[in-house]
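Q: Per the UniProt record's numbering, residue 1 is the first one in the sequence shown, and the count goes up by one each step.
Every residue, glycine too, gets a C-beta built ideally from N, C-alpha and C.
Pasting a structure below so you can have a look.
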Amino acid sequence: MTTQLQVRDLVTEFDTRQGVVRALHGISFDVGDSETVGIVGESGSGKSTVVRSVIKLLMPPGRVAAGTAEFAGRNLLEMREREIRQIRGREIGFVAQNPFSALNPVTRIEKQFANISKAHGQKGDAASRGRALQLLAATGVGDPERVMRGYAHELSGGMAQRVVIAMALYLNPRLVIADEPTTALDLTVQRQVLDTLRRLTVESGRSMLIVTHDLGVVSEYCDRVLVMYQGSIVEQGPTSEVFVRPQHPYTVSLLNSVVRQEGGGRHAAPSLAGGAGTTTAGPAPRPAQLSDVWRS
Ligand SMILES: Nc1ncnc2c1ncn2[C@@H]1O[C@H](COP(=O)(O)OP(=O)(O)OP(=O)(O)O)[C@@H](O)[C@H]1O
Numbered sequence: 001m002t003t004q005l006q007v008r009d010l011v012t013e014f015d016t017r018q019g020v021v022r023a024l025h026g027i028s029f030d031v032g033d034s035e036t037v038g039i040v041g042e043s044g045s046g047k048s049t050v051v052r053s054v055i056k057l058l059m060p061p062g063r064v065a066a067g068t069a070e071f072a073g074r075n076l077l078e079m080r081e082r083e084i085r086q087i088r089g090r091e092i093g094f095v096a097q098n099p100f101s102a103l104n105p106v107t108r109i110e111k112q113f114a115n116i117s118k119a120h121g122q123k124g125d126a127a128s129r130g131r132a133l134q135l136l137a138a139t140g141v142g143d144p145e146r147v148m149r150g151y152a153h154e155l156s157g158g159m160a161q162r163v164v165i166a167m168a169l170y171l172n173p174r175l176v177i178a179d180e181p182t183t184a185l186d187l188t189v190q191r192q193v194l195d196t197l198r199r200l201t202v203e204s205g206r207s208m209l210i211v212t213h214d215l216g217v218v219s220e221y222c223d224r225v226l227v228m229y230q231g232s233i234v235e236q237g238p239t240s241e242v243f244v245r246p247q248h249p250y251t252v253s254l255l256n257s258v259v260r261q262e263g264g265g266r267h268a269a270p271s272l273a274g275g276a277g278t279t280t281a282g283p284a285p286r287p288a289q290l291s292d293v294w295r296s
């Protein structure tokens, strides 16, 4: 398998009044062709900082202090703003956590699609409008024509997120990076949107890097998983291996916390070995259906 994205020794820091805060302590991982990779970890562990560092969308006072992010043989981190802008959108689609931050409030949605075409030297013609309509329908927008004519403030959070996903896929990028893409959506719609994302990316040879707090999403959609804890990747590997035989105590406690939540809920799930603070993690029993158990 060839590698789409190769991140090595990524160090990101924030300059604060109290001094320099190191948020990422040398992160390394790959995303292969047609592969979906998930990033999990508790709030503040650095998931968003990883993806924003890689595509140079980190806001000040954040800055990448070291490392490389090779995409198509080039280091994204060394690119000038003009170069990276050409890559974002056309070759790497990005779905941000907050859809409204990604949409222009004073421009009709259809004009925003046309502007994406224009920014990448393409014609915003009838064919590309048709593609936008198709993508909106594919992400579950009921009346794409109406949405195209409207403004962002007329959309619900869920609708706005679908529009942003359609925009991220619009120029057919090779890699889609999504930061909690379905947080704003209810459970049924989440699955629908994730299925669409998968169909439009991985099943057509594209790759996806997805940040999520939902281990169910990882188990259902991700080939590999990166587990983050306090700015480091403490464990990574094929999802089936990491979730069935977690090696790091943090992964064990993360899985345990879901099992505890699920234990009292809809699914009676087996408890995993180990826990927070333990230094060795024993092999965990394999649940009959991972996707049933890890859904949070
Ligand atoms: N603007 C900022 N100023 C200072 N430090 C920051 C800033 N933004 C992030 N950090 C640091 O980076 C760390 C990682 O933050 P990040 O938002 O990447 O975590 P996350 O895992 O994506 O969390 P969440 O799941 O809540 O989105 C934080 O714990 C904090 O130390």
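At which residue ranges does the segment 175-253 contain complete alpha helix (DSSP H) runs of 4 or more residues, listed in the order of the chain?
A: 187-200, 215-221 and 239-244, all fully within the segment 175-253.
Q: Whole angstroms is fine: what's the gap from P105's alpha carbon to P99's?
A: So the alpha carbons of these two residues sit roughly 11 Å apart.
Q: Less than 8 Å between C-beta atoms, sequence neighbours within five positions excluded: which residues of the same chain meet that for M159?
A: So the qualifying residues of the chain are V141 and V147.
Q: In terms of alpha-carbon separation, which member of L169, R162, Y170 and L209 lies closest to Q192?
A: Considering only alpha carbons, the answer is R162.
Q: Can you list, in chain order, the residues of its chain with a C-beta nearer than 6 Å to that of D223? Leave out the 5 residues immediately preceding and following it.
A: Cβ neighbours of D223 beyond the five flanking positions: E35 and T36.
Q: Once you ignore the five residues that flank K47 on each side, which residues in its own chain have a CB closer than 7 Å to its CB?
A: Here the set comprises I39, G41, V211 and M228.
Q: Is F14 near ligand 1, judged by its Cβ being under 8 Å from some heavy atom?
A: Yes, the Cβ of F14 comes within 8 Å of a heavy atom of ligand 1.
Q: Within 10 Å of its beta-carbon, does V293 have 16 or more other beta-carbons around it, so buried, or fewer, so exposed?
A: Unreliable positioning characterises V293 in this predicted model, as indicated by a pLDDT of 31, which lies under 50. A coordinate reading is not provided.
Q: Where V31 and M59 are concerned, what is the direct C-alpha to C-alpha distance, given to the nearest angstrom?
A: Going by the C-alpha atoms only, they are around 24 Å apart.
Q: May I have the straight-line CA-CA distance separating Q4 from E70, to the nearest angstrom?
A: Rounded to the nearest angstrom, the two C-alpha atoms are 8 Å apart.
Q: Identify which residue in G73, E180, R82 and E145 has its Cα closest to the Cα of Q97.
A: Looking at the Cα atoms, E180 is the closest of the given residues.
Q: For K118, collect the residues of the same chain with a Cβ closer than 7 Å to its Cβ; drop the 5 residues on either side in sequence, then sort them by chain order.
A: Within the same chain, K118 has close Cβ partners G124.
Q: When DSSP builds the beta bridges, which residues end up paired with E13?
A: BP columns for E13 point to R22 and R63.
Q: Report the start-end ranges of each beta strand (DSSP E) in the segment 148-179 that is 3 residues or longer and not cut off at the edges.
A: If we require 3 residues or more, the beta strand (DSSP E) runs fully inside the segment 148-179 come out as 175-179.
Q: Once DSSP output is grouped into helix, strand and coil, what is the label at I55?
A: Correct three-state label for I55: coil.
Q: Indicate whether the contact test is met: 3 or more Cβ pairs, each with one atom in the segment 71-80 and one in the segment 13-20, closer than 8 Å.
A: Taking 8 Å as the limit for Cβ pairs, the verdict is that the segment 13-20 does not touch the segment 71-80.
Q: Find the nearest neighbour of T107 within the set V176, R149, N256 and G67, judged by alpha-carbon distance.
A: Comparing Cα-Cα distances from T107 to each of V176, R149, N256 and G67, the minimum goes to R149.
Q: Closer than 8 Å to a non-hydrogen atom of ligand 1 - does that hold for the CB of Q97?
A: Answer for Q97: yes, Cβ within range of ligand 1.
Q: Below 7 Å CB to CB, which residues in the same chain sit around H25 once its five sequence neighbours on both sides are set aside?
A: Same-chain partners within the cutoff: V11, G231 and S232.
Q: Among the residues of its own chain, which have a CB less than 7 Å from the CB of A65, if the five just before and after it don't count?
A: So the qualifying residues of the chain are V11, T12 and E13.
Q: Can you give the Cα-Cα distance for V225 and K111, rounded to whole angstroms?
A: Roughly 37 Å between the two C-alpha positions.
Q: Look at the Cβ atom of I109, then the Cβ atom of G67, and state whether they are nearer than 9 Å.
A: Their beta carbons are not under 9 Å apart, which means I109 does not touch G67 by this criterion.
Q: Would you list the one or two residues that DSSP bridges to T139?
A: Per DSSP, none; premise fails for T139.
Q: Note down, in chain order, each residue of its chain lying with its Cβ closer than 8 Å to the Cβ of S45, except the 5 sequence neighbours on either side.
A: Result list for S45: M228, Y229, Q230 and G231, in chain order.
Q: Please name the residue or residues paired with T68 in a DSSP beta bridge.
A: DSSP lists R8 as partners of T68.
Q: Note the first and the last residue of the continuous alpha helix (DSSP H) segment covering P99.
A: Unbroken alpha helix (DSSP H) run through P99: P99 to A102.
Q: Compute the Euclidean distance between the alpha carbons of Q134 and D9, then round it to the nearest angstrom.
A: Approximately 39 Å between the Cα atoms of the pair.
Q: Under DSSP, the alpha helix (DSSP H) around R85 begins and ends at which residues?
A: Unbroken alpha helix (DSSP H) run through R85: E81 to I87.
Q: Could you name the residues of the same chain whose beta carbon sits closer than 8 Å to that of Q122, not counting the 5 residues immediately before and after it, in chain order?
A: So the qualifying residues of the chain are S128 and L171.
Q: Does the distance between the C-beta of V21 and the nearest non-hydrogen atom of ligand 1 fall short of 8 Å?
A: Because some heavy atom of ligand 1 lies under 8 Å away, the Cβ of V21 counts as near it: yes.
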